[in-house]
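I have placed the structure first, in the form of structure tokens, so that the comments after it can refer back to it.
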Amino acid sequence: MNSLGAEVFDIYGSTEVGAIAFECPTHTAYHVCIDATVVEFLRDDEPVSSGEAGELCVTGLHKWATPVIRYRIGDVAVPIDDECPCGRGLPLMRDIQGRIVDFVVTLDGRYVSPQLIMYTLQDVEGVDQYRVVQNKDYSIEVFIKISSEDVDAVLQDVRRRCSLLFGDTPTDIRLVDRVIDASAPKFKIVESRVMKNRF
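Residue 289 in our numbering sits at position 169 of the sequence shown; the count goes up by one each step and never skips.
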């Protein structure tokens with residue numbers, strides 16, 4: 121429910137093909153709109169199994185003037201074989217994790233989604249703003265602006281969370297006066313300079 125007392129449903133789609141998946145009243149997962157789109161989940165150009173993250177590749181079935189065939193959207197999500205309690209019978213997906221180009225790659229080969237990074241860092245008490253940048257050498261810089269007087273406690277919490285996210289990947293936490301550049305047209309909270317290739 122939102123502040124108006126209305127139940128909120130999420131619809132996932134793109135300008136190129138329109139609606140791709142939607143939530144039903146159970147909010148169990150996203151139902152794939154198979155009457156309008158063919159959706160593939162790929163990793164290294166091969167289909168992933170149920171429960172594994174893959175890059176979405178879509179084909180629109182109703183755009184005759186400008187066909188969209190096997191278009192890689194750049195987002196990552198997880199297909200699942202479960203059945204929804206609503207009984208619609210449509211294929212399901214979950215965990216829409218964000219743009220593949222913004223995934224952080226750890227030294228042990230894990231792909232950490234920008235969504236997971238934001239969920240982990242956004243509620244650190246005493247942090248006003250933050251930004252995570254992965255450099256081409258795989259090192260990670262975390263820029264934070266702190267409002268708390270107990271800077272050491274905040275830094276300790278941020279280090280602990282970064283260790284859970286990135287493991288042994290070199291991570292440098294930097295205190296700054298300002299994180300967000302108001303002049304930037306599109307500010308990215310998480311930016312990877314490693315993930316320029318496909319998933």
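Cβ atoms here follow ideal geometry from the backbone N, Cα and C, with glycine treated the same way.
Proximity to residue i [Cα-Cα], best of the options
| i | options | result |
| --- | --- | --- |
| Arg214 | Val198, Leu176, Tyr231 | Val198 |
| Pro211 | His147, Val152, Ala273, Val247 | Val152 |
| Asp248 | Leu227, Asp165, Asp297, Gln276 | Asp297 |
| Gly246 | Gly207, Ala141, Val278, Ile237 | Val278 |
| His182 | Val232, Asp155, Leu295 | Asp155 |
| Leu227 | Val252, Gln276, Leu285 | Leu285 |
| Gly320 | Ala273, Cys144, Ile293 | In the structure as shown, the chain begins at 121 and stops at 319. Residue 320 is therefore absent and cannot be evaluated. |
| Arg251 | Leu295, Asp257, Val271 | Leu295 |
Beta-carbon proximity list for residue i, same chain, < 7 Å, skipping 5 on both sides
| i | result |
| --- | --- |
| Thr291 | Ile260, Val262, Cys282 |
| Ser170 | Pro199, Ile200, Asp201 |
Start-to-end residues for the beta strand (DSSP E) that takes in residue i
| i | result |
| --- | --- |
| Thr291 | 291 to 295 |
| Thr179 | 174 to 180 |
| Tyr132 | 131 to 134 |
Neighbour-count burial assignment, residue i, 16 or more Cβ in a 10 Å radius
| i | result |
| --- | --- |
| Gly287 | exposed |
| Gln217 | buried |
| Asp222 | buried |
| Thr312 | Checking the sequence, you will find Ser at residue 312 rather than Thr. Ser312 comes out buried. |
| Val128 | exposed |
| Val196 | buried |
| Leu241 | buried |
Residues near residue i by beta carbon distance below 6 Å, same chain, minus five either side
| i | result |
| --- | --- |
| Val188 | Glu136, Val137, Gly180 |
| Val224 | Val232, Gln254, Ser312 |
Unbroken alpha helix (DSSP H) run spanning residue i, endpoints
| i | result |
| --- | --- |
| Ser283 | 271 to 286 |
8 Å Cβ shell around residue i - same chain, five flanking residues per side excluded
| i | result |
| --- | --- |
| Phe142 | Phe129, Asp130, Ile131, Tyr132, Tyr150, His151, Cys153 |
| Met238 | Ile309, Val310 |
| Arg163 | Glu172, Ala173, Gly174, Glu175, Phe319 |
Quick check: the stretch 200 to 207 against the stretch 173 to 190, are at least 3 beta-carbon pairs closer than 8 Å? In the pairwise beta carbon analysis, the stretch 173 to 190 is classified as not touching the stretch 200 to 207: fewer than three pairs are separated by under 8 Å.
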